[in-house]
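Only one structure is covered here, and it is reproduced in the block below.
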Amino acid sequence: MPELPEIEAYRGLAQRALGRRIDAATFGDPRFARGEVSGPRLVRLLRGATLRTVRRHGKLLVFDLDAPPGGPAAGHRLGLRFGMTGSLLVDGEAALARLVFASDRPTTAWDRFVLRFSDGGTLVVRDPRLLGGVELDPDEAALGPDALDITAAQLRHALETSAVAVKTRLMDQRKVAGIGNLIADEVLWRASLAPQRRSSSLTTPDQRRLHHHLRATLDDLLQRGGAHLGDLMPARHPGGRCPRDGTELRHSTVGGRSSWWCPRHQR
DNA sequence: ATTGTGGCCTGCCCGC
DNA sequence: TGCGGGCAGGCCACAA
């Protein structure tokens with residue numbers, strides 16, 4: 097499922113779409129248009145525009161739009177979210193060979209948003225479950241520091257100011273952007289912290305360890321190519337044992353999300 | 001303001 | 001073999 101590493105791969109792929117004139121934008125499903133601006137208006141606005149730059153902020157992909165002087169798209173941004181099952185294709189090519197938990201059945205039935213370029217190529221958001229979406233001018237300021245370059249001080253601030261479970265805090269995109277359920281479990285497992293620990297109860301060494309493992313985990317997963325390639329992942333099922341010490345993992349809901357952790361070494 | 005809960009959405013998998 | 005229910009979780013609306 098798309099978390100930070102997947103969206104980072106999408107960003108790389110999206111570079112190929114930059115500078116190409118959009119002949120037509122279409123929604124395969126009207127529900128995929130999110131935010132204030134309606135799908136039809138978005139479609140009108142995008143016609144004739146180009147994607148000038150692309151960046152990733154957490155799990156959000158943002159394009160700066162270019163348009164003819166006075167064109168409706170001038171100065172606007174296009175935001176893409178991928179939910180749990182969304183993938184990006186440019187000119188029919190995917191960034192990742194296979195998205196875990198998403199079907200890889202070859203079909204265009206789930207093409208929820210399509211940009212057709214004047215050179216004949218396309219940019220497609222394919223999302224079976226419709227949990228992603230397209231939004232004009234997404235509120236980037238509402239997102240916390242990106243998990244990939246959050247500083248120790250920023251993380252400490254995010255943690256100290258709340259009594260919710262540390263896992264919930266890590267997954268709160270307004271506090272730290274880019275961490276989803278799988279990466280949260282992986283990072284906490286590596287940092288030896290129980291997911292339900294109160295965020296504000298972390299000691300300075302806890303915070304330091306968490307910051308270190310957050311960065312190290314993301315580096316590993318970026319290199320491996322997906323959020324599902326963590327060390328804990330193979331054990332994340334009933335009866336699964338901690339890859340570090342062999343203890344049977346515990347399972348419960350933390351912050352509304354299915355969570356797996358080792359009762360021996362995560363405290 | 002902060003925190004918790006449920007719904008959206010559909011594919012997949014299990015048990016009957 | 002088909003079917004129903006449970007589950008997956010990013011994000012958002014809403015309630016307390």
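First residue of the first sequence: 97, per the working numbering; consecutive thereafter.
The beta carbon of each residue, even a glycine, is placed where N, CA and C say it ideally should be.
- About 29 Å separates the beta carbons of Leu161 and Leu314, which is beyond the 8 Å limit, so they are not a contact pair.
- In the three-state reduction of the DSSP assignment, Ser354 falls in the strand class, which pools E and B.
- As summarised for the region 108 to 180, the continuous beta strand (DSSP E) elements at least 3 residues long and confined to that stretch are 118 to 123, 146 to 153, 156 to 162 and 173 to 177, given in chain order.
- Under the rule that a run must span 3 or more residues, the beta strand (DSSP E) segments found entirely inside the region 207 to 248 read 207 to 213, 218 to 222 and 229 to 232.
- Judged by DSSP in its simplified three-state form, Glu99 adopts coil rather than helix or strand.
- DSSP links Arg346 through a beta bridge to Trp357.
- DSSP places Leu317 in the uninterrupted alpha helix (DSSP H) bounded by Thr300 to Arg320.
- In terms of Cα proximity to Leu114, the closest of Ala145, Arg137 and Ser134 is Ala145.
- The criterion of a C-beta distance shorter than 7 Å is satisfied by Pro359 and Arg346.
- A direct Cα-to-Cα measurement between Ile118 and Gln111 gives close to 15 Å.
- Taking the Cα of Gly351 as reference, the smallest distance to any Cα among Val230, Val262 and Thr247 is reached at Val262.
- Taking the CA atoms as reference points, Arg353 sits about 10 Å from Leu278.
- Burial check for Gln319: the Cβ neighbour count within 10 Å stays below 16, so the residue is exposed.
- With contacts defined by Cβ atoms closer than 7 Å, Gly326 and Glu282 form a contacting pair.
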